[in-house]
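K.L.:
As numbered in this note's numbering, residues 921 to 990 make up the sequence shown, in order.
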Amino acid sequence: TWAAAGCNTNLGILLLCAPIARLAEQEPALPPDPAAWRAGLGRVLAALDVTDAAAAYRAIALANPGGLGG
């Protein structure tokens, strides 16, 4: 992505994939059905709290991604 965008855009990819990876870890027998995954992702996201947000903020600051100042 560096060559295409001129900055590190991989952080966004990871942030989008993290809830999917967490769902796959929590519910390995989830059927390959879009509705089941949508509902599962809703459960994963609903379980997030302020501590999770703070950890994500710290990780983003450490990564110093392109386009977010610094």
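Glycine residues also receive a C-beta, built at the ideal position from the N, C-alpha and C atoms.
Under the three-state reduction of DSSP, which class applies to G926: helix, strand or coil?
P.N.:
Working through the sequence shown from its first residue, we reach residue 926 at position 6. G926: coil per DSSP, three-state reduction.
K.L.:
Going by other Cβ atoms of all chains shown within 10 Å of its Cβ, with 16 needed for buried, is G962 buried or exposed?
P.N.:
Within the sequence shown, numbered from 1, the residue matching residue 962 stands at position 42. Answer is exposed; the Cβ neighbour count stays below 16.
K.L.:
Considering only residues of the same chain and omitting the five flanking positions on each side of V964, which have a CB-CB separation below 8 Å?
P.N.:
The residue labelled residue 964 in the question sits at position 44 within the sequence shown. Answer for V964: P939, R942, L943, Q946, listed in chain order.
K.L.:
Suppose you measure from the CA of T929 to the CA of A949; what does that come to, to the nearest Å?
P.N.:
Residue mapping note: residue 929 aligns to position 9 of the sequence shown, counting from 1. Residue mapping note: residue 949 aligns to position 29 of the sequence shown, counting from 1. If I take the Cα positions, the gap works out to 31 Å.
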